[in-house]
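Asks:
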Amino acid sequence: IARYLTMNVFHSGTHSSFERLLYKNVDLILVARTSSPDEQHLADSLGVELIETPVAIDALVFVANYKIPFNR
168 IARYLTMNVF
178 HSGTHSSFER
188 LLYKNVDLIL
198 VARTSSPDEQ
208 HLADSLGVEL
218 IETPVAIDAL
228 VFVANYKIPF
238 NR
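Residue numbers (this note's numbering): 168 to 239.
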């Protein structure tokens, strides 16, 4: 199925990610910290409720290009 899917993935700093979410430029963000008081204040002023759900405490993620041979 994955070869038939297309996703646009953007990256930016955490504060910019919160701004993009609050101004409805993106639907979801993955960040390494909770919202700051300034970001929470912006959310409140825009009438947006932030729902923060931890998905991991700590992790190492290894990403590899499947087209590059990997010898085990």
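A virtual CB, placed ideally from N, CA and C, is assigned to each residue, including glycine.
All values derive from a computational prediction rather than experimental measurement.
Can the beta-carbon of Ser202 be found less than 8 Å from the beta-carbon of Phe177?
Replies: Counting from 1 along the sequence shown, the entry for residue 202 is found at position 35. Counting from 1 along the sequence shown, the entry for residue 177 is found at position 10. No, the Cβ-Cβ distance between Ser202 and Phe177 is not below 8 Å.
Asks: Between His208 and Ile235, what straight-line distance do the alpha-carbon atoms span, to the nearest angstrom?
Replies: As a position in the sequence shown, residue 208 is number 41, starting the count at 1. As a position in the sequence shown, residue 235 is number 68, starting the count at 1. The straight-line gap from Cα to Cα measures roughly 46 Å.
Asks: State the DSSP-derived secondary structure class of Ser202, mapped to helix, strand or coil.
Replies: Your numbering for residue 202 matches position 35 in the sequence shown. Three-state DSSP puts Ser202 in coil, outside helix and strand.
Asks: Spatial neighbours of Leu189 within its chain, please: C-beta separation below 6 Å, excluding the five flanking residues on both sides.
Replies: Residue mapping note: residue 189 aligns to position 22 of the sequence shown, counting from 1. Once the five neighbours on either side are set aside, the close Cβ partners of Leu189 are Leu209, Ala210, Leu213 and Val215.
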